[in-house]
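Residue numbers (the working numbering): 310 to 488.
Beta carbons are placed, not taken as given, at the ideal position from N, Cα and C, and that holds for glycine.
Take a look at the structure set out below.
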Amino acid sequence: MLPLGGQLIVEDLVYALQLPPPIAEAVLHQYGTALAAHVPANETIDLGQFMPNCHEVAARRKLAMVIEARVEDTLVRVRDELRRVGGERPFVGGVVLTGGVAELPGITEVAARIFTAPVRVGAPHSLHGAPEAALHPAFATAVGLLRWRCQTQLGAADPSAASAWERLWSGFSSLLGRS
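Take a look at the structure:
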């Protein structure tokens, strides 16, 4: 198991920018990018929009540099672990990124450079009646595992598999606030 994901980026931002964790996460979501070179050197972020009575600014380039470094580190670790367990085979089928960080601007370019393979962001699709929130990359793995469970473990030929999927989906939807 590799300790990876957006939480590590947030922790890096807490340290580098001296921000409280909820503010670091909000700054990441609103201003984050995985490619520091695409951010003008003089662009700043007014931290007052996140913290009342704060008159400080943060350099957006610094934010992007911290994010890019963590994204690169994470993707190199993933690549190396996949090579360790799967050999030196190239990623001929490409790489699919899922999770909340997969929506970070520039992450596919960074991943393509590291994996030297095509990269795309995966998101759930063909989910009839799904809440909008469930159609984002953050839920791609969870939805995929639910689907796989219904199709393989419950039996694709079993007529109850469809209703099992509907029951699972209904429960998942209620967690997201949609009935």
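Could you give the distance in angstroms between the alpha-carbon of H364 and the alpha-carbon of L356?
Roughly 7 Å separates the two Cα atoms.
Secondary structure of R398, DSSP reduced to three states:
It is coil, neither helix nor strand.
Which one of M374, F424, P349 and Y340 has the shortest CA to CA distance from Q358?
It is Y340.
P433 versus P414, Q316 and G409, residue with shortest Cα-Cα distance
Shortest Cα-Cα distance from P433 to any of P414, Q316 and G409 involves G409.
If you draw a straight line from the C-alpha of V385 to the C-alpha of V401, how long is it?
Between V385 and V401, the C-alpha separation is close to 17 Å.
Can you give me the C-alpha to C-alpha distance between L387 and V394, rounded to a whole angstrom?
Note on residue identity: the sequence assigns Val, not Leu, to residue 387. Their Cα atoms are separated by approximately 11 Å.
Does V387 come out as helix, strand or coil in the three-state DSSP assignment?
Correct three-state label for V387: helix.
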